[in-house]
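What the sequence shown shows, in my numbering, is residues 507 to 766, in sequence order.
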Amino acid sequence: MIEILHPTELVRARESGALVAHILQTLKSRSTVGTNLLDIDRWAQAMIIEAGAQSCYVDYAPSFGRGPFGHYICTAVNDAVLHGLPRDYALADGDLLTLDLALSTNGIAADSAISFLVGDSKPSESVAMIDATERALHAGIAAAGPGARIGDISFAIGSVLSEAGYPINVEFGGHGIGSTMHQDPHVSNSGRPGRGYRLRPGLLLALEPWVMVDTAELITDADGWTLRSATGCRTAHSEHTIAITDDGAEVLTLPSPAHP
Numbered sequence: 507m508i509e510i511l512h513p514t515e516l517v518r519a520r521e522s523g524a525l526v527a528h529i530l531q532t533l534k535s536r537s538t539v540g541t542n543l544l545d546i547d548r549w550a551q552a553m554i555i556e557a558g559a560q561s562c563y564v565d566y567a568p569s570f571g572r573g574p575f576g577h578y579i580c581t582a583v584n585d586a587v588l589h590g591l592p593r594d595y596a597l598a599d600g601d602l603l604t605l606d607l608a609l610s611t612n613g614i615a616a617d618s619a620i621s622f623l624v625g626d627s628k629p630s631e632s633v634a635m636i637d638a639t640e641r642a643l644h645a646g647i648a649a650a651g652p653g654a655r656i657g658d659i660s661f662a663i664g665s666v667l668s669e670a671g672y673p674i675n676v677e678f679g680g681h682g683i684g685s686t687m688h689q690d691p692h693v694s695n696s697g698r699p700g701r702g703y704r705l706r707p708g709l710l711l712a713l714e715p716w717v718m719v720d721t722a723e724l725i726t727d728a729d730g731w732t733l734r735s736a737t738g739c740r741t742a743h744s745e746h747t748i749a750i751t752d753d754g755a756e757v758l759t760l761p762s763p764a765h766p
């Protein structure tokens, strides 16, 4: 299903996006050396409930997972990149942590992910990889607008990632979003310009470039959810929800000035 939102629904989408951004930045500030992933999940739960929002993850049970997910946020560390199931693990200095959060307020969902380094250690390879996913995300957003095609976004994202030297997995990527978290169209992180669905005002997309240092192959943890690099290399993931407007693309999950 491809869903086109009415302008009144876009107002609610902005509310969801702002809440996602606020929670992610708050959790980032609390994620220090020694923080347990299960505490991050509990903090996310408390903030979602306090805001009167609904988690998109707790009851999420797609065909590829061992569902339901049962937690409020995805927490992926180092070689984990997608669907990271929170577990009893205390963050260490230099860990690369990805937080991925989706929630719904008043029936409209928003989805975003951030990757960052914990503590004082900043391995240059990890810094470069995070930067590449963020640049690819910005390129994808810049390529989005009314009349553009999904392939234009995919090409823009893939060009940045390829030029940075990273293999690209096309099994998991961005997606449509609206009254539910995952909708058509699929937005691959590599593709051909001028191909695919033509973008229309009112369409919401979650764009999410992610890479692994030296492989495009994923393996699944015994928990049935967490996806890791097949070689054990580090990974990074950046994501925003955008709305196609008459003038271009509006990013709904940008942090507020209080959370740069």
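No residue lacks a Cβ here, since even glycine has one placed at the ideal position from N, Cα and C. Computed from a prediction, not measured in an experiment: that's the story for all the values here.
**Study point:** Per-residue DSSP class, three states only, for P766
**Key:** Indexing the sequence shown from 1 puts residue 766 at position 260. Caution is warranted here: a pLDDT of 45 is assigned to P766, below 50, making its placement in the model unreliable, and the coordinate value is therefore given only provisionally. Three-state result, P766: coil.
Review point. When the Cα atoms are used, what is the spatial distance from P761 to E640?
Key: Within the sequence shown, numbered from 1, the residue matching residue 761 stands at position 255. Within the sequence shown, numbered from 1, the residue matching residue 640 stands at position 134. Each residue's alpha carbon lies about 14 Å from the other.
Exercise for review: Rank A670, I614 and A654 by C-alpha distance to the C-alpha of R706 and give the top, closest one.
Suggested key: The sequence position of residue 706 within the sequence shown is 200, counting from 1. The option with the nearest alpha carbon to R706 is A654.
**Study point:** Secondary structure, alpha helix (DSSP H): runs of 4+ residues fully inside the stretch 561-591
**Key:** none
Practice item. Mind checking which residues open and close the alpha helix (DSSP H) that includes G657? Key: Looking up residue 657 in the sequence shown gives position 151. I656 to E669 is the extent of the alpha helix (DSSP H) around G657.
Point to revise | Which of helix, strand or coil DSSP assigns to L733 | key: Translated into positions along the sequence shown, residue 733 becomes position 227. Reduced to three states, the DSSP call for L733 is strand.
Review point. Between M507, A586 and V526, which lies nearest to S735 when the distance is taken from Cα to Cα?
Key: In the sequence shown, counting from the first residue as 1, residue 735 sits at position 229. Minimum Cα-Cα distance from S735 among the listed residues M507, A586 and V526 corresponds to A586.
Check your understanding: So what's G646 in DSSP terms, helix, strand or just coil?
Key -> Here residue 646 is taken as the residue at index 140 of the sequence shown, counted from 1. Secondary structure of G646 (DSSP, three-state): helix.
Check your understanding: Taking the Cβ atom as the reference point for each residue, do R520 and L758 lie within a distance shorter than 9 Å?
Key -> The sequence position of residue 520 within the sequence shown is 14, counting from 1. The sequence position of residue 758 within the sequence shown is 252, counting from 1. Closer than 9 Å, so yes.
Point to revise | Stretch-stretch touch, CB-based, cutoff 8 Å, three pairs: the stretch 694-702 with the stretch 511-527 | key: no
Check your understanding: How is T611 classed by DSSP in three states: helix, strand or coil?
Key -> Here residue 611 refers to the residue found at position 105 when the sequence shown is read from its first residue. DSSP places T611 in strand when its eight states are reduced to three.
Review point. According to the Cβ coordinates, are R593 and T581 closer than 9 Å?
Key: Along the sequence shown, read from residue 1 onward, the residue named residue 593 stands at position 87. Along the sequence shown, read from residue 1 onward, the residue named residue 581 stands at position 75. In this structure, T581 lies closer than 9 Å to R593 by Cβ.
**Study point:** DSSP bridge partner residues for W716 (one or two, in chain order)
**Key:** Taking the first residue of the sequence shown as 1, we reach residue 716 at position 210. As computed with DSSP, W716 is found in a beta bridge with H743.
Practice item. Taking only the alpha-carbon atoms, compute the straight-line gap between P673 and D606 and give it to the nearest angstrom. Key: Counted from its first residue, the sequence shown places residue 673 at position 167. Counted from its first residue, the sequence shown places residue 606 at position 100. Linking P673 to D606 through their CA atoms gives a straight-line distance of about 21 Å.
**Study point:** Rounded Cβ spacing between L710 and T686 (contact assumed at less than 8 Å)
**Key:** Along the sequence shown, read from residue 1 onward, the residue named residue 710 stands at position 204. Along the sequence shown, read from residue 1 onward, the residue named residue 686 stands at position 180. Their Cβ separation, rounded to whole angstroms, is 11 Å, which puts L710 and T686 out of contact at 8 Å.
Review point. Just checking my contact of I508 with D690 at CB under 8 Å: how many whole Å lie between their CB atoms?
Key: Start at 1 with the first residue of the sequence shown, and residue 508 comes out as number 2. Start at 1 with the first residue of the sequence shown, and residue 690 comes out as number 184. Indeed they touch by this definition, with Cβ atoms about 5 Å apart.
Practice item. Alpha carbon to alpha carbon, how far is I620 from A680? Give it in angstroms, no decimals. Key: Along the sequence shown, read from residue 1 onward, the residue named residue 680 stands at position 174. Along the sequence shown, read from residue 1 onward, the residue named residue 620 stands at position 114. The amino acid at residue 680 is misidentified as Ala; the sequence shows Gly. Whole-angstrom Cα-Cα distance: 14 Å.
Review point. Quick one: what's got a C-beta closer than 6 Å to P766's C-beta in the same chain, skipping five residues either side?
Key: On the sequence shown, residue 766 is found 260 positions in, with the first residue counted as 1. Any reading at P766 must be qualified, since the residue scores a pLDDT of 45, below 50, and its modelled position is unreliable; the value itself is stated next. Nothing meets the Cβ criterion.
Check your understanding: Where DSSP assigns a beta bridge to S621, which residues make up the other side?
Key -> One-based indexing of the sequence shown puts residue 621 at position 115. Note: S621 sits in a beta bridge opposite T604.
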